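Q: Residue numbering for the sequence shown follows my numbering, starting at 623 and increasing by one per position.
Quick one: the structure is below, questions incoming.
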Amino acid sequence: MMADSEMVFPGDEVAVEEEYLASDGTFAENGIVYASQIGILELDDKDCVARVITPNPPNILAEGDIVYAIVADIRNTMATADVVAKDGTERGLGCETYATIHVSKISPKYTDDVSKELRKGDYIRAKVTGVKPSLQLTTKDDHLGVIRSLCYKCKTELEKKGEGLYCPECKYSATRKLADDYGDVVL
Ligand SMILES: [Zn+2]
Numbered sequence: 623m624m625a626d627s628e629m630v631f632p633g634d635e636v637a638v639e640e641e642y643l644a645s646d647g648t649f650a651e652n653g654i655v656y657a658s659q660i661g662i663l664e665l666d667d668k669d670c671v672a673r674v675i676t677p678n679p680p681n682i683l684a685e686g687d688i689v690y691a692i693v694a695d696i697r698n699t700m701a702t703a704d705v706v707a708k709d710g711t712e713r714g715l716g717c718e719t720y721a722t723i724h725v726s727k728i729s730p731k732y733t734d735d736v737s738k739e740l741r742k743g744d745y746i747r748a749k750v751t752g753v754k755p756s757l758q759l760t761t762k763d764d765h766l767g768v769i770r771s772l773c774y775k776c777k778t779e780l781e782k783k784g785e786g787l788y789c790p791e792c793k794y795s796a797t798r799k800l801a802d803d804y805g806d807v808v809l
């Protein structure tokens, strides 16, 4: 007999009909309830049924994935960011979300100053370039980079102006590696 929450395989005996009836992912034969699919066994004591639930595969990141992240910190040679979502899915990530973006991976143009391209709190769209030994991102392509940024003083959403950003309240300009659709992205 299998225990609740155990991983089971098709044909595994998971319960007896005296205690649990067959339901989703199970079938009964001669009083015995068997798993009909691979999954997690759920012995429901309230409804007295045995189910086998297929768990969602973990939503993990792979090289080439497009992600959304918030810049966490700016260092000398890199920025760190917290990945909040993978493009095309609303499911939470089942993996490491702490990522780094090396200064050489930020812009197609040469830059040696991370703080001229990204700022803490910026929302970015980035591409995964590596997952081992740690998550690494790039914002080099046109469609990658900052998609939303708030003024560090007044928190007004910065507007795109030329190649950079501008605060309509504080009247100050800032440089950034912008995505080509900065300001048009609904978050
Ligand atoms: Zn401002």
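We put the CB at the ideal spot given by N, CA and C, even for glycine.
Small disclaimer: the values here were computed from a predicted structure and weren't measured.
1. Take PRO680 and list the residues in its own chain whose beta-carbon comes closer than 8 Å to its own, dropping the five residues that flank it on each side.
2. Is it the case that the Cβ atoms of ALA694 and LYS742 are separated by a distance below 9 Å?
3. Report, in whole angstroms, the separation of the C-beta atoms of GLY767 and LYS731, which I expect to be a contact under 8 Å.
4. So the beta strand (DSSP E) ALA637 belongs to, where does it begin and stop?
5. Going by the C-beta, is LYS777 closer than 8 Å to any heavy atom of ligand 1?
6. For VAL750 versus LEU759, is the C-beta distance shorter than 9 Å?
7. Taking a contact to mean a Cβ-Cβ separation below 9 Å, would you say ASP626 touches GLU664 in this structure?
8. Please state if the CB of ILE688 and the CB of TYR745 are separated by a distance shorter than 9 Å.
9. Looking only at its own chain, which residues have a Cβ that is under 6 Å from the Cβ of ALA707, when we skip the five neighbours before and after it?
10. Shorter than 8 Å, the distance from the beta carbon of CYS792 to the closest heavy atom of ligand 1, or not?
11. As an exercise, report each continuous beta strand (DSSP E) stretch of at least 3 residues that is fully enclosed by the region 711-799, in chain order.
12. For ligand 1, is there a heavy atom less than 8 Å away from the beta-carbon of CYS717?
13. Evaluate contact between the region 648-660 and the region 629-639, counting only Cβ atoms and requiring at least three cross-stretch pairs below 8 Å.
14. Quick one: what's got a C-beta closer than 8 Å to THR797's C-beta in the same chain, skipping five residues either side?
15. Less than 8 Å between the CB atoms is what I'm expecting for GLY661 and VAL705, so what's the real figure, rounded?
16. Are the CB atoms of GLY633 and ALA672 within a distance shorter than 9 Å?
A: Short version:
1. One-based indexing of the sequence shown puts residue 680 at position 58. Taken in chain order, the residues that qualify are GLY716, CYS717.
2. Here residue 694 refers to the residue found at position 72 of the sequence shown. Here residue 742 refers to the residue found at position 120 of the sequence shown. Yes, Cβ-Cβ distance for ALA694 and LYS742 is below 9 Å.
3. What you label residue 767 is simply residue 145 of the sequence shown in a count that begins at 1. What you label residue 731 is simply residue 109 of the sequence shown in a count that begins at 1. Not a contact, Cβ separation roughly 12 Å.
4. Here residue 637 corresponds to residue number 15 of the sequence shown, with the count starting at 1. DSSP places ALA637 in the uninterrupted beta strand (DSSP E) bounded by 635-638.
5. Taking the first residue of the sequence shown as position 1, residue 777 is located at position 155. At least one heavy atom of ligand 1 is nearer than 8 Å to the Cβ of LYS777, so yes.
6. One-based indexing of the sequence shown puts residue 750 at position 128. One-based indexing of the sequence shown puts residue 759 at position 137. In this structure, LEU759 lies closer than 9 Å to VAL750 by Cβ.
7. As a first step, residue 626 is located in the sequence shown; it is residue number 4 there, counting from the start. As a first step, residue 664 is located in the sequence shown; it is residue number 42 there, counting from the start. Result yes, Cβ atoms of ASP626 and GLU664 sit closer than 9 Å.
8. Position 123 of the sequence shown, counted from the start, is the residue given in the question as residue 745. Position 66 of the sequence shown, counted from the start, is the residue given in the question as residue 688. Cβ atoms of TYR745 and ILE688: not closer than 9 Å.
9. Here residue 707 corresponds to residue number 85 of the sequence shown, with the count starting at 1. Answer for ALA707: TYR690, listed in chain order.
10. Counted from its first residue, the sequence shown places residue 792 at position 170. Yes, since a heavy atom of ligand 1 falls inside the 8 Å radius drawn around the Cβ of CYS792.
11. With a minimum length of 3 residues, the continuous beta strand (DSSP E) runs that stay inside the region 711-799 are 720-724, 745-752, 757-760, 767-770, 781-783, 786-788.
12. Here the question's residue 717 lines up with position 95 in the sequence shown. No, Cβ of CYS717 sits at least 8 Å from all heavy atoms of ligand 1.
13. Yes, they touch.
14. Your numbering for residue 797 matches position 175 in the sequence shown. Cβ-Cβ distances below 8 Å link THR797 to LYS738, GLU739, GLU785, GLY786, LEU787 in the same chain, with the five nearest sequence neighbours on each side left out; the list follows chain order.
15. For this step, residue 661 is matched to residue 39 along the sequence shown. For this step, residue 705 is matched to residue 83 along the sequence shown. That pair is no contact at about 28 Å.
16. Position 50 of the sequence shown, counting from 1, holds the residue named residue 672. Position 11 of the sequence shown, counting from 1, holds the residue named residue 633. Contact flag unset, no.
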